[in-house]
Every structure is written in structure tokens, then in C-alpha cells.
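The next block holds one structure in the form of C-alpha cells; read it before the comments.
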Amino acid sequence: MKNKAAVSSPDLPVITEPPKAAARRVARTRGRPTREEGEVLRKSILDAALQVFIARGLKAASMEGIAREAGVAKITLYRHYETKEQLFVEVARRAQLSVRARLGTVANDDVPLETALRAIITKLYDGYTHPDYLAVMRMVIAEAGRFPKLGRAMLEDSQHISEPLVAYLQALKDKGLVDIDSPYDAAVQISGMASGAGRYVLLTPSRHPASRKRWVESLVSLFVKAWRMPKP
1 MKNKAAVSSP DLPVITEPPK AAARRVARTR GRPTREEGEV LRKSILDAAL
51 QVFIARGLKA ASMEGIAREA GVAKITLYRH YETKEQLFVE VARRAQLSVR
101 ARLGTVANDD VPLETALRAI ITKLYDGYTH PDYLAVMRMV IAEAGRFPKL
151 GRAMLEDSQH ISEPLVAYLQ ALKDKGLVDI DSPYDAAVQI SGMASGAGRY
201 VLLTPSRHPA SRKRWVESLV SLFVKAWRMP KP
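Just so we're aligned: 202 in the numbering used here is position 202 of the sequence shown, and the numbers increase by one with no gaps anywhere.
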């Protein structure tokens, strides 16, 4: 399995160019591919793999089918990924790290807590309820027992996702602005609740703006009330 540094292009797979078109565009260049062209090819493979895994599931998906969807030769695909399972691990990690990319840099600790939490939870909610993310996570849950490396990789990435939120909450705690025992635990609680506490893996969430707003506002109210420092 490739290391974390090798997991690039973590954005949610909003495919702006069909994988085959991207692969053909790279293939037309002569000589050794540039780093940029290599990234384009690799992204086209991951985009194609995502589509095939979602459509067919991990067991029924094949490297031949993924190569065909990506518009590349099988030897090219195997040059990047030795097995279908290795490719699936990277697709899964890419989906999870997309939440981290969506979160970006969290609010400055000078911003009112309600405002900051509203923005943070909204970004987390949008990432965790994205249809592609949910489809991948459902497959991860189904396959984690057979692939222990997958579970460990996903756990490591979940900790990476929490880093900016932990840092933000630690800054608030250091300034005496919130009453939190553990910023890390608080960040995990925010992420877990923003993701629907697991229920969205079983039941596809509503994408209606009103439903999102209701869920976000309820969490903002919950955490602000729980963390607010008592008045002297």
C-alpha cells in the first residue's frame, strides 16, 4: 500500500473530464510524462476505479474493467497498482481525505464560536454526506474484515482529518474561551455527529438545504451550550 504522502488529489471525485479523455490526453504526449501529466493519469485511474467500484462493488470489479473505463492499457494500470485491493484502498483513502481537503483551514479563534462551528460543521456535513463518499464508506465497512490494512489506513486518515479542528479547539481552550477537557475528543465528537453518527451509512441523507441547516444548527447549539465557559 502506498504511504500517505502518495495519496494526492484528495478532492471529492467531482469528475470534470471523463477518465478516458484525460488518459488519452496524457498518452498523446511524447517522451517521459511530466509530473503534472503523471498526476492527471493517476487521477483518471482513480476516477475510473471509483465509478467501477460504485457500479459493480469490489468483488465484481476487475482490473481489466477499470483499465477500460480509464482508457489505459492494463500494463499501465498495474504499473501504478499491483492489485485491485491496493487500488481500492487508495480510492477509499482518497474519498476520506477529501473531507480534510473540504475542511481546509478552519476559522480563526477570534471568530465567534457559533459562527466558526457553523462553518466547520457545514463543511464536514457536506463531505460526509456526499454520495460518492457514502458509497465508498459502505464498501469499506463491508470489506474491512478481509483487509485489515484498509481499516488501519482509514483510521490514520481520520486522525489526519481532525488535525486542523483539534488545533482550533486547543487554541480556544488555551485562551479560556471554551470548557473542553480534550480538544482531540471534542473534534472526534464534532466529526462523528456531523457525519450523522453512522446513520447515513445505512440511510441516505436528504440533500435538501433545509435538512442540512436543521442538522447543522442543532449541533452548533449543542456544542456551544456544552463548551461555553461559566460566567464568573
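Cβ coordinates follow ideal geometry from the N, Cα and C atoms, glycine included.
Check                                                                                                                                                                                       : Outcome
Using three-state DSSP, classify R146 as helix, strand or coil.                                                                                                                             : coil
I want to know whether the region 80 to 91 touches the region 43 to 50 - three or more CB-CB distances under 8 Å.                                                                           : yes
So for V178, helix, strand or coil by DSSP?                                                                                                                                                 : strand
Would you mind reading off the limits of the alpha helix (DSSP H) that contains S221?                                                                                                       : 209 to 227
At a cut-off of 8 Å, would you count T204 as near the ligand GDP, judging by its Cβ distance to the nearest heavy atom?                                                                     : In the structure shown, the ligand GDP is absent, as is every other ligand, since no ligand is present at all.
I'd like the list of long-range same chain contacts for V178, defined as Cβ closer than 6 Å, with 5 residues on each side in sequence excluded.                                             : L172, W227
Would you call D157 buried or exposed, if buried means 16 or more other Cβ atoms sit within 10 Å of its Cβ?                                                                                 : buried
In chain order, what residues of the same chain lie with their CB nearer than 6 Å to the CB of E143, ignoring the 5 residues before and after it?                                           : L58
What would DSSP say about K191, mapped onto helix, strand or coil?                                                                                                                          : Here residue 191 turns out to be Ser, not Lys, going by the sequence shown. Helix, per DSSP.
What would DSSP say about E36, mapped onto helix, strand or coil?                                                                                                                           : helix
Which value, in whole angstroms, describes the spacing of the CA atoms of R94 and M139?                                                                                                     : 14 Å
Assign R214 to buried or exposed, taking buried as 16 or more other Cβ atoms, counted over all protein chains shown, within 10 Å of its Cβ.                                                 : exposed
What are the boundary residues of the alpha helix (DSSP H) that includes G104?                                                                                                              : Premise fails: G104 is in no alpha helix (DSSP H) and is neither H nor E.
Starting from Y81, trace the alpha helix (DSSP H) both ways and give me its first and last residue.                                                                                         : Looking at the DSSP string, Y81 is not in any alpha helix (DSSP H), and its letter there is neither H nor E.
Is it true that the CB of I120 sits closer than 9 Å to the CB of L165?                                                                                                                      : yes
Give me the residue from A210, D126, R35 with the minimum Cα distance to V99.                                                                                                               : D126
When DSSP labels each residue in this structure, what does D110 get in the three-state scheme?                                                                                              : coil
Between which two residues does the alpha helix (DSSP H) containing G65 stretch?                                                                                                            : 63 to 70
Tell me whether the beta-carbon of A254 lies closer than 9 Å to the beta-carbon of L124.                                                                                                    : Nothing about residue 254 can be reported from this structure: the residues present for the chain run from 1 to 232 only.
Is DSSP giving A167 helix, strand or coil here?                                                                                                                                             : helix
Could you tell me the alpha carbon to alpha carbon distance between Y128 and S211, rounded to whole angstroms?                                                                              : 14 Å
Using a Cβ-Cβ cut-off of 7 Å (strictly less than) and excluding sequence neighbours within five positions of A61, which residues of its own chain qualify?                                  : V52, F53, K84
Please go through the same chain and pick out, in chain order, the residues whose beta-carbon is closer than 7 Å to the beta-carbon of V220, but skip the five residues on each side of it. : E114, L117, R118, I121
For G127, which of helix, strand or coil comes out of DSSP?                                                                                                                                 : helix
Output needed for A78: all residues of its chain with C-beta closer than 8 Å, excluding positions within five of it in sequence on either side, in chain order.                             : Looking at the sequence provided, one finds Tyr at residue 78 rather than Ala. Closer than 8 Å at the Cβ level, and outside the excluded window around Y78, lie M63.
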